[in-house]
Every structure is written in C-alpha cells, then in structure tokens.
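A.B. asks: Residue numbering for the sequence shown follows this note's numbering, starting at 7 and increasing by one per position. Ideal Cβ positions, reconstructed from N, Cα and C, are used throughout, including at glycine. Just so you know, these numbers come straight off a predicted model, no measurement behind them. First the structure, then my questions, so here it is.
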Amino acid sequence: MSKKKIILLPKSEKILSQLGANIRLARLRRKLSAEQLSERAHIGRSTLWKIEEGKASVSMGNYLQVLLVLGLEKDLLNVADDDVLGRKIQDIDLVVKERAPKKHK
Numbered sequence: 007m008s009k010k011k012i013i014l015l016p017k018s019e020k021i022l023s024q025l026g027a028n029i030r031l032a033r034l035r036r037k038l039s040a041e042q043l044s045e046r047a048h049i050g051r052s053t054l055w056k057i058e059e060g061k062a063s064v065s066m067g068n069y070l071q072v073l074l075v076l077g078l079e080k081d082l083l084n085v086a087d088d089d090v091l092g093r094k095i096q097d098i099d100l101v102v103k104e105r106a107p108k109k110h111k
C-alpha cells in the first residue's frame, strides 16, 4: 500500500520550510541535540529531520509533540486566531437589506 504524495504550491512549501527552520533554530537555541529532542518528543530522528525540513508528510501531531518539548505549543493557538477575512465575510452576511413589504392581491 503506497502513501499518497502531498502536492503543495511553492508558496505553501516555503511556509512549511520556514516553520521547519524556526523549529530547528528553537532546538539549537535550547542546546538540544536532534537525538535529545526526538527522544523527548517520542518520535524518530528521521521524523524530526523531516519536521526541520518542513515536510508536509509529517502529521500535525508530530509537529505539536516537538513544539511541546520546546515549550512553544501555545504558538499553535495563534493559527487563525485573528481571522480578518473570515470576520469580513461574516459581517457581510450580517448586513441584511430591508425588503419592501409584499403587496397583497
């Protein structure tokens, strides 16, 4: 059984790559080796390598495990927290034009 390959647009790949680089920098700032972090996060070193490379094939749960070990799990709560576009769309639906009363025959 083969795994389904995830296809991302270049912009999305760049975002994941930046996330991976940020996670790697956070690990290095804490002076943790890849082996120490992967052991504490209960993931394999190859999975950690994929996370630090920003690979889309790694599950969100594994990304979260790494962020937990680094003490950065609350950063994940900022995703979609300030949903400007969503609020604008919602506000458009709230504006209801008044209709003229129906004429009775």
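DSSP three-state call for S63: helix, strand or coil?
C.D. replies: Here S63 sits in coil by DSSP.
A.B. asks: Report yes or no: do the region 16-35 and the region 52-62 share at least 3 C-beta pairs separated by less than 8 Å?
C.D. replies: The answer is yes - the region 52-62 touches the region 16-35, with three or more Cβ pairs under 8 Å.
A.B. asks: With H, G and I counted as helix, E and B as strand and the rest as coil, what does DSSP make of K37?
C.D. replies: It is coil, neither helix nor strand.
A.B. asks: Can you give the Cα-Cα distance for L100 and R93, rounded to whole angstroms?
C.D. replies: Looking at the two C-alpha atoms, the distance is approximately 10 Å.
A.B. asks: What is the residue span of the alpha helix (DSSP H) that G92 lies within?
C.D. replies: Start and end: 90-100.
A.B. asks: Is it true that the CB of L14 sits closer than 8 Å to the CB of A1?
C.D. replies: This structure cannot settle anything about residue 1, because the visible part of the chain is limited to 7 through 111.
A.B. asks: Pick out whichever of P107, V72, V64 has its Cα sitting closest to the Cα of H48.
C.D. replies: Answer by Cα proximity: V72.
A.B. asks: Look at the alpha carbon of S65 and the alpha carbon of L82, and state the distance between them as a whole number of angstroms.
C.D. replies: Approximately 14 Å between the Cα atoms of the pair.
A.B. asks: For E79 and K9, I'd like the C-alpha separation in whole angstroms.
C.D. replies: Computed Cα separation, rounded: 28 Å.
A.B. asks: Are the beta-carbon atoms belonging to L54 and L43 less than 8 Å from one another?
C.D. replies: Going by C-beta atoms, L54 is nearer than 8 Å to L43.
A.B. asks: Apart from the five residues just before and just after V75, which ones in its own chain have a Cβ nearer than 7 Å to its Cβ?
C.D. replies: Contacts found: L43, R46, A47.
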